[in-house]
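Below you'll find the structure, written out as structure tokens, and then a few comments.
2 protein chains.
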Amino acid sequence: MSPIRPSQQYEAIADHLRTAMREGELNPGDILPSEAQLCESFHSSRGPVRQAMATLRNEGLISSGRGRRSIVLEAAETESFDAILSATSWLSSHGIEPGSRTLLVARQPAPADIAAKLEIGEGEPVVSLHRLRLGDGEPVLVERQHFRMEYGRHILGMDTDHESINRGLQQAGLNINNISRTLSVIPAPDDDAQLLELEQPSALLQLEMRTFTHAGTPVACMDYRYRPDRISMGMNNTRGNPSPLWVNVHV
Amino acid sequence: MSPIRPSQQYEAIADHLRTAMREGELNPGDILPSEAQLCESFHSSRGPVRQAMATLRNEGLISSGRGRRSIVLEAAETESFDAILSATSWLSSHGIEPGSRTLLVARQPAPADIAAKLEIGEGEPVVSLHRLRLGDGEPVLVERQHFRMEYGRHILGMDTDHESINRGLQQAGLNINNISRTLSVIPAPDDDAQLLELEQPSALLQLEMRTFTHAGTPVACMDYRYRPDRISMGMNNTRGNPSPLWVNVHV
Numbered sequence: 001m002s003p004i005r006p007s008q009q010y011e012a013i014a015d016h017l018r019t020a021m022r023e024g025e026l027n028p029g030d031i032l033p034s035e036a037q038l039c040e041s042f043h044s045s046r047g048p049v050r051q052a053m054a055t056l057r058n059e060g061l062i063s064s065g066r067g068r069r070s071i072v073l074e075a076a077e078t079e080s081f082d083a084i085l086s087a088t089s090w091l092s093s094h095g096i097e098p099g100s101r102t103l104l105v106a107r108q109p110a111p112a113d114i115a116a117k118l119e120i121g122e123g124e125p126v127v128s129l130h131r132l133r134l135g136d137g138e139p140v141l142v143e144r145q146h147f148r149m150e151y152g153r154h155i156l157g158m159d160t161d162h163e164s165i166n167r168g169l170q171q172a173g174l175n176i177n178n179i180s181r182t183l184s185v186i187p188a189p190d191d192d193a194q195l196l197e198l199e200q201p202s203a204l205l206q207l208e209m210r211t212f213t214h215a216g217t218p219v220a221c222m223d224y225r226y227r228p229d230r231i232s233m234g235m236n237n238t239r240g241n242p243s244p245l246w247v248n249v250h251v
Numbered sequence: 001m002s003p004i005r006p007s008q009q010y011e012a013i014a015d016h017l018r019t020a021m022r023e024g025e026l027n028p029g030d031i032l033p034s035e036a037q038l039c040e041s042f043h044s045s046r047g048p049v050r051q052a053m054a055t056l057r058n059e060g061l062i063s064s065g066r067g068r069r070s071i072v073l074e075a076a077e078t079e080s081f082d083a084i085l086s087a088t089s090w091l092s093s094h095g096i097e098p099g100s101r102t103l104l105v106a107r108q109p110a111p112a113d114i115a116a117k118l119e120i121g122e123g124e125p126v127v128s129l130h131r132l133r134l135g136d137g138e139p140v141l142v143e144r145q146h147f148r149m150e151y152g153r154h155i156l157g158m159d160t161d162h163e164s165i166n167r168g169l170q171q172a173g174l175n176i177n178n179i180s181r182t183l184s185v186i187p188a189p190d191d192d193a194q195l196l197e198l199e200q201p202s203a204l205l206q207l208e209m210r211t212f213t214h215a216g217t218p219v220a221c222m223d224y225r226y227r228p229d230r231i232s233m234g235m236n237n238t239r240g241n242p243s244p245l246w247v248n249v250h251v
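Residue numbers (UniProt numbering), protein chains in the order written: chain A, 1 to 251; chain B, 1 to 251.
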């Protein structure tokens, strides 16, 4: 039995290389050491070195080898799981002061479309939250969130202008395990345009999201509408590594 | 020394589970067998089983375990590397007949912004391609692509209304290794709106892309502008697995 489990060893190697990139020891365009050299440096067999490289490729940090040495790619600051869940975390991670203006917090019967997304019966109670979100005082997005009652009830007592919903729910013991998102462009309804200080007609970037517990139970469904000039997104992909994005066409 | 390298073994296990999901042996919401059961089924130690699970989590196929059994998630048909590179592949993979109307193929001096993206001098020759892309005969996106001369010269002889540029360049020996993409929403310029049969004012979903060789040399830069009602995209994320998306805010 080796003192380090192989799964820990590959993580240690990947971590070491990530740090080297972050600290400028390895820069975009640099060629990575060969597998043999990495094995020697890390006193490792080929397996963990290969797995570390596969991990870094998946993260878009290095090019795919395909028989040749990998190079360091231009790194992007990718989103964290918490930043997907929480506009507060997302804005803060970009050095921008998050703000909220609550327009509605309500316990109400679920309309059919919301009930379907939460996998509950139409008319069962949900907690709905409608907020304008600000970054450094400027309007960035309009949020409409609907929570299953067992989770949403914690929100009814929160100060939704100043507290992070996500942090509050975590403290109440809720653990979101996975998220599905759909992105589209929609014409701005007048109420959203007014909140976002957009002249009509305008378009919005819409992100519809559902969050789930580990057991696969829906927790909430969200409709986020961003001022299009205040958001951009992107991704790096390397050949041979799966992209998690789906892109549908409607004709 | 074991007869199967661990790296092959984890791939075999991941493949087996993927097939089980595709063929309906495992369905969304089902609980996966325990690590111990998988070890037994595959005559494997824990390492490869864990690595197979990590791979499936990265692909958004199963939930993260965190001490509990993973469940099978609703799978999305994610994009392939070729579908990122080629609208022809992308449309075909959705059962839609791809079409092209070429508006311009030209060898021309690179304007400053294109030269910067291709990392060449301003005024050096590039091959530019401007096409309307159709799906089942309906306008879907407007393409503007600019290739470095050494790659683009192959395009000058192609039938760009009927041939796949990507396939042609592959046959000429070009191997794209990685891609960076940026997504935003822009007001539709009049010429694009007319091609896409949109009434003004309209918005477009813009995807700016750069492709690179293994050595990190830019091959081409692209500006794709989609009719917003003909495209949607999305992603599934599980806690503990890195998301490759970056999301910036501009205030």
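Just so it is clear, CB atoms sit at the ideal spot from N, CA and C, and this is done for glycine as well.
With a CB to CB cut of under 7 Å and the five nearest residues on each side skipped, what residues in its chain are close to residue i?
i      : result
R131/A : S100, R101, T102, L103, E143 and T160
R107/B : P125, V127 and L156
I114/A : V126, H146 and C221
L172/B : According to the sequence displayed, residue 172/B carries Ala and not Leu. So the qualifying residues of the chain are H154.
Ignore the nearest five residues each way along the sequence and tell me which others in residue i's own chain have a CB closer than 6 Å to its CB.
i             : result
Y10/B         : P48, Q51 and A52
Y226/B        : L141 and L205
residue 281/B : This structure leaves residue 281/B out entirely; chain B is present only between 1 and 251.
Q145/A        : L129, A220 and M222
P3/B          : Note that P3/B scores a pLDDT of 44, beneath 50, so its modelled location is shaky; the value from the coordinates is reported in the next line. No residues qualify anywhere along the chain.
E208/A        : T182 and D223
R230/A        : V140
Go to residue i, then tell me how far its alpha helix (DSSP H) extends in each direction, as first and last residue.
i             : result
I176/B        : Element bounds for I176/B: n/a, residue is neither H nor E.
V49/B         : R46 to N58
E23/B         : It is not in any alpha helix (DSSP H) - E23/B carries neither H nor E in the DSSP assignment.
residue 270/B : Outside the displayed range of chain B (1 to 251) lies residue 270/B, so it cannot be described from this structure.
L32/B         : Premise fails: L32/B is in no alpha helix (DSSP H) and is neither H nor E.
Alpha carbon to alpha carbon, what distance is there between residue j and residue i?
i             : j      : result
P242/A        : E25/B  : 23 Å
N166/B        : S64/A  : 19 Å
T88/A         : G121/A : 31 Å
I186/B        : Q8/B   : 46 Å
H16/B         : G135/B : 35 Å
I179/B        : W246/A : 16 Å
I96/B         : I13/B  : 33 Å
H154/A        : F81/A  : 21 Å
T19/A         : L61/A  : 12 Å
P218/B        : E74/A  : 12 Å
M233/B        : H43/A  : 43 Å
S164/B        : E77/A  : 33 Å
L118/A        : L32/A  : 47 Å
A54/A         : E23/A  : 21 Å
L169/B        : Y151/B : 7 Å
L174/B        : W90/B  : 20 Å
D191/A        : P228/A : 16 Å
R148/A        : G137/B : 43 Å
P98/A         : R133/A : 7 Å
N27/B         : S41/A  : 44 Å
Q194/B        : V251/A : 17 Å
residue 267/A : G216/B : Not covered by the structure: residue 267/A. The range shown for chain A is 1 to 251.
M105/B        : R210/B : Note on residue identity: the sequence assigns Val, not Met, to residue 105/B. For V105/B and R210/B, the distance between alpha carbons rounds to 19 Å.
What residue range is occupied by the uninterrupted beta strand (DSSP E) comprising residue i?
i      : result
Q206/B : A203 to F212
P98/A  : P98 to P109
Specify the secondary structure class of residue i as computed by DSSP and reduced to three states.
i             : result
V251/A        : coil
residue 254/B : In this structure chain B extends from 1 to 251, so residue 254/B is not present and cannot be described.
D223/A        : strand
N166/A        : helix
residue 268/B : Here chain B covers residues 1 to 251 and nothing more, so residue 268/B does not appear.
I120/A        : coil
T238/B        : strand
H146/B        : strand
T88/B         : helix
S184/B        : strand
E197/B        : coil
L61/B         : coil
E40/A         : helix
Residues in the same chain with beta-carbon distance under 8 Å from residue i, minus the five sequence neighbours each way, listed in chain order, please.
i      : result
C39/A  : S45, R46 and V49
M1/A   : With a pLDDT of 36 at M1/A, under the threshold of 50, the predicted position of this residue should be treated as unreliable, though the coordinate-derived value follows. Excluding residues within five positions, none has a Cβ falling inside 8 Å.
A188/B : L196, L198, Q200, P201, S202, A203, L204 and R225
G29/B  : I71 and V72
T238/A : R57, G60, I62, S63, S64 and L73
V249/B : none
A112/B : E122
Just to confirm, are residue i and residue j a CB contact at a threshold of 8 Å?
i      : j      : result
N177/A : F212/A : yes
R68/A  : H214/B : yes
P244/A : P244/B : yes
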